[in-house]
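Just below is one structure, and these are the notes that go with it.
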Amino acid sequence: MKTINVPAVNQLDEKAQNILNNVKGQLGMVPNLYATIGYSSDTLENYLNYSGKAGKGSFSTKELEAIKLAVSEVNGCEYCLAAHTAISKMNGFSEEETIELREGNSADPKLRALSRLAADIATNRGRASDSSLEDFYAIGFDEKALIDLLAVVVEISFTNYTHNLTKVPVDFPKAKELSKPSI
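Numbers in my numbering are just positions in the sequence shown, counted from 1, shifted up by 409.
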């Protein structure tokens, strides 16, 4: 089977190089997954534009991370679990809270409703249970937030699938394994 290697930035076309140099300026590094997506500079550009806006109109940074952790857990993406655990900690979550979000057991009712609905959508290919939807609306979210939530599920699923397909090396600290079944 062919192995997908993480390209060096200078191995990519000029458009991808420029994009990834901007990423490095913002993050201080070029994540292996972004470099790999850079094989297609158009896809990298479109993904970064989309991910930079998905859900921002409805959700806080912490809420976005709750969604991304829940979906990454469902999709079994080692890379995104590692990256979003690190990002979540930088945004004020403890290690234990990141695990609770992955399990759908956050003590915060809003984060619990978000993570459970996101996991339900990912698990059931867009067919969420009535109870997950009811909990989402009962906590105060509306139809706009539902569409924004779906956009975030799609956005993180792309990177989950990219890693699950390519298996490029994870360049973030490994996320802890769950001791009990997830959501």
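Backbone N, C-alpha and C fix where the C-beta goes; we use that ideal spot for every residue, glycine too.
With 16 other Cβ atoms within 10 Å as the buried cut-off, status of residue i
i, result
"Lys-477", "buried"
"Leu-574", "exposed"
"Asp-544", "buried"
"Thr-568", "buried"
"Ala-547", "exposed"
"Leu-473", "buried"
"Tyr-488", "buried"
"Glu-509", "buried"
C-alpha gap between residue i and residue j, whole angstroms
i, j, result
"Val-480", "Ala-425", "27 Å"
"Ala-463", "His-493", "16 Å"
"Ile-446", "Met-499", "24 Å"
"Asp-529", "Ala-475", "13 Å"
"Lys-471", "Lys-553", "18 Å"
"Asn-431", "Ala-516", "37 Å"
"Val-562", "Ala-527", "6 Å"
"Glu-506", "Asp-451", "36 Å"
"Gly-549", "Ser-540", "15 Å"
"Asn-514", "Gly-485", "18 Å"
"Leu-599", "Asn-414", "Summary: the structure shown does not reach residue 599, with the chain confined to residues 410 through 592, and so no result is reported for it."
"Lys-576", "Gly-437", "23 Å"
"Gly-501", "Ala-531", "25 Å"
"Arg-534", "Leu-555", "15 Å"
Any non-hydrogen atom of the ligand ZN within 7 Å of residue i CB
i, result
"Ile-556", "This structure lacks the ligand ZN; in fact it carries no ligand of any kind."
Nearest-angstrom Cβ-Cβ length linking residue i and residue j, presumed shorter than 8 Å
i, j, result
"Phe-468", "Asp-557", "7 Å"
"Asn-441", "Pro-578", "6 Å"
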